[in-house]
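Data first, discussion second: the structure below is written as structure tokens.
Residue numbers (UniProt numbering): 1 to 299.
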């Protein structure tokens, strides 16, 4: 299966348009049509309905495999490229919004204190984009966050040859408007809030599907959707009564206009994990060692 054809297939279905895919990939619309036709001929099955553009049953099945396949191809290319890199003086760090907290900031300060010429770039991205940038070689290491039972790892996709380690575990909290009846509580139980109005903010707060999984309920339905990585925008929505959200207590407590109430049940923590390639650059390895030392000193 030609990966160029597969990328075109994914772009067509992402944009729900042959012309949109062509613009994003830098191809002509005719070339996009030829790619889809060639992929369908290779697999012996129609993959894309043309009017309107949508996946056929076979296309939907292929779409389940495509992101992982393309991610592994990017990982292989980046892994080989790193073998030929000179000693780097640049560090690119990708992090989901709630993962970029005090633990990461302090470790980065320690690293820069010993590597004065190091040029650092920090990117705040959604969780999937963080992992994609690390695996694809666009970031030297990444930090992602989520809710988990104490000492349990976060659920991750197959990232190929990468290393993952715990960076921090923090108290999980729910954001309430200041006038909410539960805003003054010392703790709350998530299961009691399953039927409340929630903000669906998968790249910023704990995703609602994760809350449904850990609480074993079909609740936690979105009242409003927030897309992006703006924590203050999320807090503004919560403060105005548009719904609840779950964030780590240290991050939530610093946001204006809301009350951050710790979660008592189920027994969960907000967990931050570091991900880097198995052959990281020297600055990335140094930062990982600093983070590992901090995590070990807390254990």
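Positions of the beta carbon are idealized from the N, C-alpha and C atoms, including for glycine.
Item	Value
7 Å Cβ cutoff met for residue 12 and residue 21	yes
Beta-carbon spacing of residue 342, residue 170 below 7 Å	The shown model of the chain, from 1 to 299, leaves out residue 342, and the question about it has no answer.
The alpha helix (DSSP H) enclosing residue 208, as first and last residue numbers	208 to 215
Nonlocal neighbours in the same chain, by C-beta distance under 7 Å from residue 107, ignoring five residues either side	287, 290, 291, 294
First and last residue of the uninterrupted beta strand (DSSP E) at residue 12	It is not in any beta strand (DSSP E) - residue 12 instead sits in the alpha helix (DSSP H) that spans 3 to 15.
For residue 164, the three-state DSSP class (helix, strand or coil)	strand
Beta strand (DSSP E) segment containing residue 176, residue limits	172 to 177
Residue 229, buried or exposed, once every other Cβ within 10 Å from all chains shown has been counted against 16	buried
Own chain residues within Cβ distance below 6 Å of residue 254, not counting five before or after	none
Candidates 42, 179, 135, 174, of which the one nearest residue 164 by Cα	135
Residue 143, DSSP secondary structure in three states	strand
Counterpart residues of residue 222 in DSSP-defined beta bridges	198
Range covered by the alpha helix (DSSP H) that runs through residue 274	Per DSSP, residue 274 belongs to no alpha helix (DSSP H); it is in the beta strand (DSSP E), 269 to 277.
Buried versus exposed call for residue 184 [16 or more other C-beta atoms within 10 Å across all chains shown]	exposed
Backbone secondary structure at residue 189 - three-state DSSP	strand
Inter-residue Cα distance where the pair is residue 36 and residue 28	13 Å
Cβ-based burial, residue 113 [other Cβ within 10 Å; buried from 16]	exposed
Pair within 7 Å by beta-carbon distance, residue 269 and residue 150	yes
Residues that DSSP places opposite residue 246 in a beta bridge	174
Per-residue burial, residue 1 [other beta carbons within 10 Å of its own, 16 or more giving buried]	exposed
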